[in-house]
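So the structure is just underneath, and the comments pick up after that.
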């Protein structure tokens with residue numbers, strides 16, 4: 038589980054790797070919003086059931102709970118990108134819903150004011166003390182979101198959805214609506230009318246994760262949100278579809294790095 042490096046609800050960085058390795062980039066879900074501006078690299082982005090071959094200045098928008106990871110194709114090509122992550126409590130919910138309605142990829146080559154925002158914010162983060170930056174950071178992030186929400190060219194420059202595997206698409210749609218009732222791979226395979234062996238193969242090939250691990254992560258993300266909203270950890274496990282609390286406790290701590298009672 039990734040965490041913020043700043044105390045005021047967001048994280049911004051520009052990371053470059055001269056020789057990126059697959060092991061640097063874990064498969065993950067998280068409960069905050071993320072914008073990733075791709076600059077260079079020979080990689081693929083796996084976002085739920087979609088596989089992107091990114092181009093320079095592609096901006097990826099990941100809503101909370103979206104499964105995604107970077108797959109390095111050639112480690113001799115440097116990988117460079119900006120990343121902005123922020124908690125949903127930092128901004129207006131309606132604005133966030135408009136922008137992050139689904140996983141999106143927008144090319145910014147002809148949207149210079151948005152590209153300039155990333156360079157400007159990076160300069161502030163690099164040069165301003167944190168206590169000074171804290172006075173303007175929320176306004177700056179709000180500016181970016183307003184640019185994305187209101188710029189007339191954003192929809193024009195949105196990248197078409199790449200080809201998807203129909204089995205994975207069907208499986209993820211079913212999981213999204215039924216994850217609390219899925220306990221075994223047989224439950225999922227039977228609902229989709231395919232063999233569990235082929236289902237497992239598809240998940241590992243296209244998502245690099247097992248079906249049950251994916252379902253567990255969805256359950257745990259749901260549990261984390263319930264606890265944040267005030268539910269008792271000892272009541273949440275059954276609501277999210279994990280009957281045994283000891284199992285829930287172990288899985289939760291493994292995914293997030295802390296027990297349910299110390300939700301952060």
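Numbering (the working numbering), first residue to last: 38 to 301.
For every residue, glycine included, the Cβ atom is placed at its ideal position computed from N, Cα and C.
- The beta carbon of residue 129 sits closer than 6 Å to no other beta carbon from its chain once the five residues preceding and following it are set aside.
- Shown here for residue 47: same chain residues with a beta carbon closer than 6 Å to its own, the five before and five after excluded, namely 123 in chain order.
- Proximity of the segment 282–300 to the segment 254–273 meets the contact definition, three or more beta-carbon pairs being nearer than 8 Å.
- The segment 95–112 and the segment 225–241 do not touch, with fewer than three beta-carbon pairs separated by less than 8 Å.
- Taking C-beta atoms under 8 Å as the contact rule, residue 182 and residue 244 fail to qualify, at a distance of about 29 Å.
- Setting aside the 5 residues that flank it on each side, residue 117 is surrounded in the same chain by 53, 76, 77, each with a C-beta closer than 6 Å to its C-beta; the list follows chain order.
- DSSP assignment within the segment 210–280 yields the following whole alpha helix (DSSP H) runs of 4 residues or more, N-terminal first: 222–229, 233–243, 248–265, 270–276.
- Per DSSP, residue 95 is one residue of the beta strand (DSSP E) stretching across 95–99.
- Note on residue 209: 16 or more other CB atoms within 10 angstroms of its CB, so buried under the neighbour-count rule.
- Restricting attention to 272, 279, 276, the CA atom closest to the CA of residue 298 is found in 272.
- For residue 82, same chain residues with a beta-carbon under 7 Å away, outside a window of 5 residues either side, are 89, 91, 97, 105, 107 in chain order.
- For residue 81, the enclosing beta strand (DSSP E) stretches over residues 80–84.
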